[in-house]
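In my numbering, the protein residues as written are 12 to 191. Below is one structure; the comments refer to it alone.
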């Protein structure tokens, strides 16, 4: 699947919803400019402003669980992974220039592969900024799509993950199993 990161556009009407996924309840926010946020949530929350605390409350949001369910099917079904050139996604993630550089570097990590925080820092010519890179990875609003779960520590440990290390390991294991 080809993923393109574009500039975030303020003020657009958006849709949101949730659907089961291989990794728990997947919540998504998207607008005409692209996917803005993707989170995994297990608490049974239904208020989008609690699920997505960074949402601009002045915007209009329409719930569309069916749209999210269709997205989840496309994202996780085997045929879509077997024909990656046929599908593409546009991400409209809000972040600083530095964060967006880091997220762009994450998009180059191959499916079912891992890299280290140090290697990501080197990829963006910021070898001494490993902590800043890790912080930018942690701020990724479109997890899974910008594959922050594929970044581990130099010693081989998983490192952190917003939705827990067990989910990160589950994602890495799932990618290995479907790429075999």
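We put the CB at the ideal spot given by N, CA and C, even for glycine. Bear in mind the structure is a predicted one, so any value in this text is a computation, not a measurement.
Item to check | Uninterrupted alpha helix (DSSP H) stretches inside the region 51-128 (no shorter than 4 residues) | outcome: Correct list: 59-62, 76-87, 89-93, 108-117.
Next on the checklist: Tell me which residues share the same chain as residue 185 and place their Cβ nearer than 7 Å to its Cβ, disregarding the 5 neighbours each side in the sequence.
Outcome noted: Excluding sequence neighbours, residue 185 sits near 33.
Item to check | residue 44 (DSSP reduced to helix, strand or coil) | outcome: If DSSP states are grouped into helix, strand and coil, residue 44 belongs with coil.
Checklist entry - Grouping DSSP H, G and I as helix and E and B as strand, with all else coil, what is residue 38? => result Three-state result, residue 38: strand.
Checklist entry - According to DSSP, is residue 15 helix, strand or coil? => result If DSSP states are grouped into helix, strand and coil, residue 15 belongs with the strands.
Checklist entry - Taking contact to mean at least 3 C-beta pairs separated by less than 8 Å, is the region 128-138 in contact with the region 111-118? => result Between the region 128-138 and the region 111-118, the count of C-beta pairs closer than 8 Å reaches three or more; the two stretches touch.
Item to check | Range of the contiguous beta strand (DSSP E) that encloses residue 25 | outcome: Annotation: the continuous beta strand (DSSP E) that includes residue 25 extends over 25-32.
Item to check | Neighbour-count burial assignment, residue 103, 16 or more Cβ in a 10 Å radius | outcome: Counting the other Cβ atoms within 10 Å of the Cβ of residue 103 gives 16 or more, which makes it buried.
Next on the checklist: For residue 122 and residue 190, which I take to be in contact (beta-carbon distance under 8 Å), what is that distance rounded to the nearest angstrom?
Outcome noted: Rounded, the Cβ-Cβ distance is 6 Å, consistent with contact.
Checklist entry - Does the beta-carbon of residue 206 have 16 or more other beta-carbons within 10 angstroms, so that it is buried, or is it exposed? => result With the chain running from 12 to 191 in the structure shown, residue 206 is simply not present.
Next on the checklist: Under 8 Å, with one C-beta from each stretch per pair, do the region 62-75 and the region 18-25 reach the 3-pair mark?
Outcome noted: Contact between the region 62-75 and the region 18-25 is present, because at least three Cβ pairs lie under 8 Å.
Next on the checklist: Output needed for residue 242: all residues of its chain with C-beta closer than 7 Å, excluding positions within five of it in sequence on either side, in chain order.
Outcome noted: The structure shown does not extend to residue 242, since the chain is modelled only from 12 to 191, so the question has no answer here.
Next on the checklist: Using a Cβ-Cβ cutoff of less than 6 Å, which residues in the same chain neighbour residue 91 once the five nearest sequence positions on both sides are dropped?
Outcome noted: Its pLDDT being 48, under 50, residue 91 is placed unreliably in this model, and the value from its coordinates should be taken loosely. Once the five neighbours on either side are set aside, the close Cβ partners of residue 91 are 85, 98.
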